[in-house]
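Chains as they are written, first to last, in my numbering: chain A, 1468 to 1902; chain B, 361 to 669; chain C, 166 to 330. Inspection log for the structure reproduced underneath, given as structure tokens.
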Amino acid sequence: MEWYWTLSLSLVLLFALMATGLPVFAAFLLANISGVLVTVGSRGFGMFTNSLYETITSESFVTIPLFILMGEVLFRSGSVSVLSRAVDVLIGRVRGRLYLLTLSLSTIFGALSGSAVAVAAMLGRSVLPQMTEEGYDERLSNMTILGGASLAPIIPPSLLVIVIGSLVTNVSIAGLLVAGVVPGIILAVIMAIYIFIRVSLDPSLAPAQEHVVDHSLGDRAKAVLSMLPFGIVIFSVMGLILLGIATPSEAAAAGVVGAVLTACVYRRFSLAMLWAALRSGASISAMILMIVACSKFFGQLLAFFGATTGLINAMGHLSIDPWLMLFILMLVPLILCMFIDQFAFLLLAIPLYDPIIRTYGFEPMWFWTLFLITLTIGSLTPPFGYTLFALKGAAPHVSISEVYRSAWPVVAIFIASLVLFALVPVFITWLPGLL
Amino acid sequence: PVDNASAETLSMLSGYAPTFAWYREIGPRFIELVKEESKGDLDIRYNGPDTVPTFEQFQPVQSGVFDVLFTHPAYHSGTTSVGLAIDAIAVDPVKRREAGVFDYIDKHYQKRGMKLISAPSTGTKGFRFYLREPLKDDALKGRKIRGTVSYHPMIKALGGAPVNMPVSEVYTALQRGTMDGAAWGLTGASDLKFYEVAKYMADPVFGQVGVMIMMNLERWNALKPAQQKAMLEAGRKIELESLAHFDKLQAEEYKTLIGHGVQITKFSDADAKRLEALWSNGVWEVAEQVSGDDARGLHNLARKAGMTE
Amino acid sequence: MFRLLDVLTRAAFYLSAVLLLAITLIYCFEIVSRYFFNSPTVWSTDTVTYFLGAMTCLAIPEVARTNRHIAVTVFVDAMHGKSKEVAQRVLHLTAGVVAGGVAWIALSETLRLYKSGILTLGTIAVPKWWISAFIPLGLALLTLHYLRFAIDPTAAHVPAEQGGE
Ligand code: NA
Ligand code: NA
């Protein structure tokens, strides 16, 4: 069978299975088992099982449960509400300030972790309940978390960047890491502007203003002071990474200890709280990892059929306008990463992309940063995306359709920014140029 | 030049991406040799680690989902570590075959449903230490060095603390100083951009390393005698070619690293002398731990031939 | 009989939470031991990945018991009455049968690993079936929950306070 038939049939089949309402993991398992039986028969069961094993024992996923655990402890210990009250005192006049707090927090946590999934689940367990409690709009809250979490792979540290940088020969990893900083900040600012406009147009999106008092300088100082324990968490993660004391994965564990210390400072720590946080952390990450593990083999099968290689090779043989080529090169990961794992896609795509990029003379730092942002968009575009499922897993009361609806504005903002970065390369190349 | 429409195609699993030096410089040439030797009767199709993850590739070839395996024996050391031990044996490909090393390993793998086709080395020497700070008289004392399990006895003997860490974390760990250095191959360090984060490379280099090409035994037995002969002949030729080829590549890699500002730092003479022995003892230790008598048998054979410590 | 299933599910889940605690502590121990005492452990990375695998498999039956595995329920949610109930039964049954099939496949693979004595690739190599065995175990318990939902759809509606952890 030609690659385009295999590819479209597999994608349509999977799409249909998911749309029936079957649990996502089961839809993948059914598609994968059928794929194995049709092609290699029961001999393929070994590699099918190994694929599950490989994913759930992969060190790069350890940050997911650790970040969720951190978020649980921070919320249950009341640290998040202390933070929220401090923000009330400091910028009480700003309507929708908790959205801005969330956005700042996600930018900070994006600088602590490379995983959008980990940050989305973490914020979904910590900040989201606080926002709901205070009467913030559910959809806009979700949107803020999805968008904020998606900054994690773009702002360093980022495992995706390390993998791209080691597979591409003509680009520096240090440069590629730094290249994400300005686009990350611009994305955060655009989202802040979006939220500001939405809240101005429709005041019901944020809770009604209480009687705003002018806080004294002393109150403000106290508010700043009350935020300090939160700094323990930031330091436990970022400090340990920057000082070279711990690797990013290990630092996530230190962040959990930091969160526990913070809870102790606020005198809210108890063993019962820790136990509840552990159970929640285990179940939510199992829910997410189950989907990751079951979906991994689908990408392997597409590679085995030669479907993905066929697609990219066919692109390489096109001879078209560079901007159209750039568009196609970005469209493919956007669509494929709806169904297959990002890292598996990188392994396959980069060796095939590299010659195309040289032929068209695209600036490597610019191109691969755009590519990185596209991969991130892929995992937050409905119907299938790890970042979406991470938020859904963390917030069981939110329906999946509601998560999808929250995602669309973020997707639109990210795509618009992508166009901006493509047209104005200096946003990407300026900072690495200073190295 | 030799293309045959009726050629039989074998599917091959590779533990490396097509652009990684160890595949790029051996794989395509091996396939070409197979085509030539079989007069176009055999062809091989590449599948990479996106099809089956690198560390899980032995079983699918063993069970016949794929026909050929292009790998490093460390990637299936949980199944058997006898193949791994070849990195402790001198690289001379002719002598390895004459001394029976090749046949010993082949027989061992056949008991596990696999046929050894070739064991090409990636150069006369295999490794060196890449470091953040230059060496002093006390070797690696007090330094944290990343290395896979084969290096651990050696790093300890040199006074360092061996750290086990996934490749994906090494760059950041060197950048931030979580790690003081890493033991790594003589080709491939520049792909991973180590020169951005480790400004010294230690002399002397030591040890040897290579890849292995194997085949599913049933599939092998089903080949025509002429096809079998072509595979083995291609395997023998690629061993001879790749040694010289990689020595040249290593010299180029060396120039690239120097060009990126990496400086040479030297072990003391006393330490330099024991690097070889430390390396090969470490490899044997690991191999014998997992594969016991089967590994010890190979050790005796290689020792008798004067090809190992 | 479902009582026994619930007890087993809860036991597995608690063990999973303990493993998460262990992962946290092992990483912290590694940081301290490497940075302050310059003696990195050789076992921490491997142990953490083994625990992650076991943790995941041991928690999935509880996620199933509380019916919280993620599904795209857009169409089912639009249905009403009898047809919705039938659709849900069919979906639960399908999920159960598929997961059961995979549990069986994973079990036979684990038996193969056991018989051939294959070890893990880590620095501390342990028999691979020790970790692999958690996959059929977790999936088997998960299967039973879905089959139970197929028989008794009301079991799939877990009150928020029980499922909301
Ligand atoms: Na990041
Ligand atoms: Na998507």
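Yeah, the Cβ is synthetic: ideal placement off N, Cα and C, and Gly gets one too.
If you follow the beta strand (DSSP E) that residue i is part of, which residue opens it and which one closes it?
i       : result
P522(B) : 521 to 523
F487(B) : 487 to 491
N576(B) : 572 to 576
K504(B) : 504 to 506
Can you list, in chain order, the residues of its chain with a C-beta nearer than 7 Å to that of residue i? Leave out the 5 residues immediately preceding and following it.
i        : result
Q327(C)  : Confidence at Q327(C) is low in this model, with a pLDDT of 46, below 50, so the placement of that residue should be treated as unreliable; the coordinate-derived value is given next. Cβ neighbours of Q327(C) beyond the five flanking positions: T231.
W294(C)  : T275, L278, Y279
E330(C)  : Note that E330(C) scores 42 on pLDDT, short of 50, meaning its location in the model is unreliable and no value can be drawn from it.
V565(B)  : K485, F487, R488, L546
A334(C)  : The shown model of chain C, from 166 to 330, leaves out residue 334(C), and the question about it has no answer.
F1806(A) : L1478, L1481, F1765, F1851
Using the DSSP secondary-structure output, state which residues sit across from residue i in a beta bridge.
i        : result
E368(B)  : L402(B)
Q623(B)  : Y560(B)
P292(C)  : L284(C)
K475(B)  : M575(B)
L690(B)  : Residue 690(B) lies beyond the range of chain B shown here (361 to 669); nothing can be said about it.
F566(B)  : F487(B)
K324(B)  : Because chain B spans 361 through 669 in this model, residue 324(B) falls outside it and cannot be assessed.
S1477(A) : Beta-bridge pairing links S1477(A) to no other residue.
S481(B)  : G570(B)
What is the rounded straight-line gap between the Cα of residue i and the Cα of residue j?
i        : j        : result
E409(B)  : E645(B)  : In the sequence under discussion, the amino acid at residue 409(B) is Pro, which differs from the Glu named in the question. Their backbone Cα atoms lie some 29 Å apart in a straight line.
I1701(A) : L1590(A) : 14 Å
P361(B)  : K399(B)  : Because the pLDDT at P361(B) is just 44, under 50, the model does not fix this residue reliably, and the point stays unresolved.
V1638(A) : M1832(A) : 6 Å
N203(C)  : A1486(A) : 53 Å
H512(B)  : N524(B)  : 9 Å
T431(B)  : Q568(B)  : 16 Å
F1576(A) : S1582(A) : 10 Å
A136(C)  : L272(C)  : An answer regarding residue 136(C) cannot be provided, because it is not within the stretch 166 to 330 covered by chain C.
P301(C)  : A268(C)  : 4 Å
P413(B)  : G1766(A) : 11 Å
M574(B)  : A549(B)  : 26 Å
E493(B)  : Y531(B)  : 15 Å
G595(B)  : E1521(A) : 31 Å
V421(B)  : L476(B)  : 12 Å
L1839(A) : P1620(A) : 8 Å
F1534(A) : A1719(A) : 6 Å
S1683(A) : F1663(A) : 26 Å
K1689(A) : L1695(A) : 10 Å
V1630(A) : Y490(B)  : 20 Å
I379(C)  : V1704(A) : Examination of residue 379(C) is not possible in this model, given that chain C is present from 166 through 330 alone.
V394(B)  : S602(B)  : 15 Å
P522(B)  : V228(C)  : 39 Å
H257(C)  : L1745(A) : 28 Å
L1847(A) : K633(B)  : 56 Å
P205(C)  : H322(C)  : 48 Å
S1866(A) : I1612(A) : 15 Å
By the DSSP assignment, the alpha helix (DSSP H) with residue i in it spans what residues?
i        : result
M514(B)  : 512 to 517
I1439(A) : Chain A is shown from 1468 up to 1902; residue 1439(A) falls before or after that span and cannot be answered.
M1782(A) : 1774 to 1783
A543(B)  : Careful: A543(B) lies outside any alpha helix (DSSP H), inside the beta strand (DSSP E) at 541 to 545.
P1715(A) : 1715 to 1732
I1622(A) : Segment: none, I1622(A) is in no alpha helix (DSSP H) and carries neither H nor E.
P1892(A) : P1892(A) -> no alpha helix (DSSP H), and no H or E assigned at all.
K553(B)  : K553(B) -> no alpha helix (DSSP H), and no H or E assigned at all.
E1601(A) : Counting along the chain, E1601(A) falls outside any alpha helix (DSSP H), and DSSP gives it neither H nor E.
Within the same chain, show all residues whose beta-carbon is closer than 8 Å to that of residue i, passing over the 5 residues directly before and after it, in chain order.
i       : result
R405(B) : T369, L370, S371, M372
Leaving out the 5 sequence neighbours to the left and right, which residues in its chain are closer than 6 Å to residue i when beta-carbon positions are compared?
i        : result
L1504(A) : none
P1674(A) : E1601, G1602
G642(B)  : S510, P513, M514
- Message: Give the list of continuous alpha helix (DSSP H) stretches no shorter than 4 residues that lie fully inside the region 1549 to 1582 of chain A.
- Response: 1564 to 1577
- Task: Output the residue ranges of the alpha helix (DSSP H) runs that lie fully inside the region 402 to 435 of chain B and measure 4 residues or longer, sorted by chain position.
- Result: Along the length of the region 402 to 435 of chain B, whole alpha helix (DSSP H) runs at least 4 residues long occupy 418 to 422, reported in chain order.
- At 4 residues or longer, and completely inside the region 1817 to 1887 of chain A: list those alpha helix (DSSP H) runs for me, N to C. 1831 to 1845, 1853 to 1861
- Query: Can you list, in chain order, the stretches of the alpha helix (DSSP H) that have 4 or more residues and sit fully within the region 210 to 273 of chain C?
  - Reply: Qualifying alpha helix (DSSP H) stretches, in chain order: 239 to 243.
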